[in-house]
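Right under this line is the structure:
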């Protein structure tokens, strides 16, 4: 089967012992009460979820923490509906500085790691929130941010997607349904890890992508030409 050499690099280059998958849920900073803070960072992290896979792509640990926001005393209705997180749940939670310290120490336990997130939004949020809260960036933070991969972008290259896929649709493409509740940070991280593990099983991964393409009625044999014409809602029912 033909494929570009760049895909070999995605699968085999920069091998590390551990892969950490992270997801943040965010709440808007109050523009009325904190206009200057909003200029630096529009949102605050209110939940951190992560899982770590070993070199066999098996989950060996997880991390989940709620985070109390500093710059709003309520949860936006849209965020509450999306995540199920209420201000009551967050009132007893630690602030971000404490949660990030715990997360950093949890990551450091695995030392040789790469962090993956679905899109680049989480990395951008982390950098801006650290700036907002005047948190110093040391060697641990530099390592984390340097070894951070946008897995949505990487996966798009693997399947030749011409637009940004949602995590749910990306899972459909390899015969998986989203496990758990979407917009729960731990479930989002865990499902990203599941997709990653499937993508590293090269032979079966290519077969699944080809199968989904055929189910969509596309006769073109090129493995990676997964365009926006695929009706994923219909495929969801077929996969079941």
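In our numbering, the protein residues as written are 1206 to 1445.
Beta carbons: idealized from backbone N, C-alpha and C, even for Gly.
For residue i, the three-state DSSP class (helix, strand or coil)
i	result
residue 1426	Confidence is the limiting factor: at residue 1426 the pLDDT is only 33, short of 50, which leaves the residue's position unreliable, though a coordinate-based value still follows. In this structure, residue 1426 counts as coil in the three-state DSSP scheme.
residue 1254	strand
residue 1305	helix
residue 1245	helix
residue 1274	coil
residue 1332	helix
residue 1236	coil
residue 1223	strand
residue 1231	strand
residue 1435	Reliability of the predicted coordinates at residue 1435 is poor, the pLDDT of 44 falling under 50, and no value is obtained from them.
Cβ-based burial, residue i [other Cβ within 10 Å; buried from 16]
i	result
residue 1424	Reliability fails at residue 1424, whose pLDDT of 38 lies under 50, so the model's placement of it is uncertain and the value that follows must be treated cautiously. Flag for residue 1424 reads exposed.
residue 1349	buried
residue 1344	exposed
residue 1379	buried
residue 1252	buried
residue 1317	exposed
residue 1411	buried
Proximity to residue i [Cα-Cα], best of the options
i	options	result
residue 1356	1331, 1385, 1398	1398
residue 1417	1282, 1381, 1225	1381
residue 1364	1284, 1414, 1291	1414
residue 1178	1242, 1259, 1285	An answer regarding residue 1178 cannot be provided, because it is not within the stretch 1206 to 1445 covered by the chain.
residue 1354	1326, 1392, 1311	1326
residue 1275	1287, 1297, 1376, 1410	1297
residue 1369	1281, 1242, 1313, 1324	1324
residue 1391	1242, 1223, 1257	1257
Beta-carbon contacts of residue i that lie in its chain and below 6 angstroms, excluding the five residues immediately before and after
i	result
residue 1237	none
residue 1309	1345
message: For the structure I just gave you, are there three or more beta carbon pairs, one from the region 1228-1246 and one from the region 1332-1339, closer than 8 angstroms?
response: The answer is yes - the region 1332-1339 touches the region 1228-1246, with three or more Cβ pairs under 8 angstroms.
message: Under 8 angstroms: do the region 1263-1271 and the region 1351-1368 share three or more Cβ pairs, one atom per stretch?
response: no
task: Could you tell me whether the region 1299-1306 touches the region 1403-1410, where touching means 3 or more Cβ pairs closer than 8 angstroms?
output: no
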